[in-house]
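Below is one structure, written out as structure tokens; the observations come after it.
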Ligand code: NCD
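In my numbering, the protein residues as written are 10 to 315.
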């Protein structure tokens, strides 16, 4: 049985197959409309979410399956003190596959040790968010036609942003990738990723504070929200939250072919006026997120159409 805890759980070849499947689903959705009939997805969300929970549910519904779950810790037995290990043993009796989001790093890993159904990590604390990475990869591949030989700017909260951590892990496996890490000093990429992932793989990168300094050389700009819920005090968050605001004026410094991605939710880091720019790809990214999760559910359930 397969789980998805980190983007590295799939080899580059397997990822290619998964992204090809997602593209086929995009082109021929009706072919897949009954593929998961009789199957159930449980969404176990101990942390707030809009897109990740609903896109997993939409994915299963589009495949003809059904969904169940809880959307907060308060509405589950976790509030009575039940462990993740016990919850997943119970859910394994109800559902065929589950997606779990948890504020504690490693909770989905604990779940898969006690689960008899595939577990999808839908975000664990500041650690990983592999299904967002699949979404990001599909978006980049669809817009640019490739995943290699690119300069990727990652901007904002690189310290706590799990989407960035997962995306870096996934992208370093493609040739010719360079990163420009754009963050305030206090929200720099953690050492364990800088050393263990970038340095160990000889990936070229530079760190800058000003977005303006990076923009002209980027193929992709990946914006992120300052992760309010992971700060230890409100004052630090308030000081950091509007550090970057991408607006029309800054977009004028960016190449014609540079796309802007954002996992969403956006707060102030992208001005609404940028939404009409043809390079703003963050809402298209949301749509890719459904196709790629449909492909993921089929892959983990080992269901083949054709
Ligand atoms: C991200 C997350 O939860 O990490 N959101 C998402 O799943 N699309 C990013 C964020 O919350 O900032």
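Using N, Cα and C, we set each Cβ at its ideal position, and we do this for glycine too.
Only a predicted model underlies this, so the values are computations on that prediction, with no experimental measurement involved.
* residue 171 beta carbon less than 8 angstroms from that of residue 204 -> Within the chain shown, residue 204 is the residue found at index 195, counting from 1. Within the chain shown, residue 171 is the residue found at index 162, counting from 1. In this structure, residue 171 does not lie closer than 8 angstroms to residue 204 by Cβ.
* To do: Could you have a look at residue 236 and say whether DSSP puts it in helix, strand or coil?
  => Walking along the chain shown from the start, residue 236 turns up at place 227. Note: residue 236 maps to coil in three-state DSSP.
* **Cβ shell of residue 251 (< 6 angstroms), same chain only, five flanking positions each side left out** => Here residue 251 is taken as the residue at index 242 of the chain shown, counted from 1. Here the set comprises 277.
* To do: Can you tell me which of 56, 289, 24 puts its alpha carbon nearest to the alpha carbon of residue 113?
  => The residue given as residue 113 occupies position 104 in the chain shown. Among 56, 289, 24, the Cα nearest to that of residue 113 belongs to 56.
* Inspect the beta-carbon positions of residue 184 and residue 157 and report whether they are closer than 8 angstroms. => Position 175 of the chain shown, counting from 1, holds the residue named residue 184. Position 148 of the chain shown, counting from 1, holds the residue named residue 157. Taking 8 angstroms as the Cβ cut-off, residue 184 and residue 157 qualify as a contacting pair.
* May I ask whether a heavy atom of the ligand NCD can be found less than 7 angstroms away from the beta carbon of residue 302? => Numbered from 1 along the chain shown, position 293 holds the residue referred to as residue 302. No.
* **Where residue 226 falls: helix, strand or coil (DSSP)** => Stepping through the chain shown from its first residue, residue 226 is reached at position 217. If DSSP states are grouped into helix, strand and coil, residue 226 belongs with the helices.
* Can you name the start and end residues of the alpha helix (DSSP H) that residue 146 belongs to? -> Along the chain shown, one-based indexing puts residue 146 at 137. Here the alpha helix (DSSP H) through residue 146 covers 139-153.
* To do: Could you pull the start and end residues of the alpha helix (DSSP H) that residue 121 belongs to?
  => Taking the chain shown and counting its residues from 1, the one referred to as residue 121 is at position 112. First-last of the alpha helix (DSSP H) with residue 121: 116-122.
* alpha helix (DSSP H) segment containing residue 268, residue limits -> Along the chain shown, one-based indexing puts residue 268 at 259. Counting along the chain, residue 268 falls outside any alpha helix (DSSP H), though it belongs to the beta strand (DSSP E) covering 268-270.
* Please classify residue 65: is it buried, with 16 or more other beta-carbons within 10 angstroms of its beta-carbon, or exposed? => Your numbering for residue 65 matches position 56 in the chain shown. The residue in question, residue 65, is buried, as its Cβ has 16 or more Cβ neighbours within 10 Å.
* Under the three-state DSSP convention, the category residue 244 falls into -> On the chain shown, residue 244 is found 235 positions in, with the first residue counted as 1. If DSSP states are grouped into helix, strand and coil, residue 244 belongs with the helices.
* residue 102 to residue 10 span [Cα, whole Å] -> Along the chain shown, read from residue 1 onward, the residue named residue 102 stands at position 93. Along the chain shown, read from residue 1 onward, the residue named residue 10 stands at position 1. About 16 angstroms.
* **DSSP-derived helix/strand/coil call for residue 383** => The question about residue 383 has no answer, for the chain in this structure spans 10 to 315.
* **C-beta contact flag for residue 8 and residue 255 at 8 angstroms** => It is not possible to answer for residue 8, since the shown part of the chain is limited to 10 through 315.
* Is the CB of residue 118 under 8 angstroms away from at least one CB in chain C? -> In the structure shown, chain C does not exist; there is a single protein chain.
* Asked: What's the gap between the Cα of residue 100 and the Cα of residue 232?
  -> Start at 1 with the first residue of the chain shown, and residue 100 comes out as number 91. Start at 1 with the first residue of the chain shown, and residue 232 comes out as number 223. Cα to Cα, residue 100 sits roughly 35 angstroms from residue 232.
* To do: Since I believe residue 309 is in contact with residue 30 (beta carbons under 8 angstroms), could you give me their beta-carbon distance rounded to a whole number of angstroms?
  => Your numbering for residue 30 matches position 21 in the chain shown. Your numbering for residue 309 matches position 300 in the chain shown. Residue 30 to residue 309, Cβ: 12 angstroms. No contact.
* For residue 90, which of helix, strand or coil comes out of DSSP? -> For this step, residue 90 is matched to residue 81 along the chain shown. Correct three-state label for residue 90: coil.
* To which residues does DSSP link residue 77 through a beta bridge? -> Locating residue 77 in the chain shown gives position 68, counting from the first residue. Partner(s): 51.
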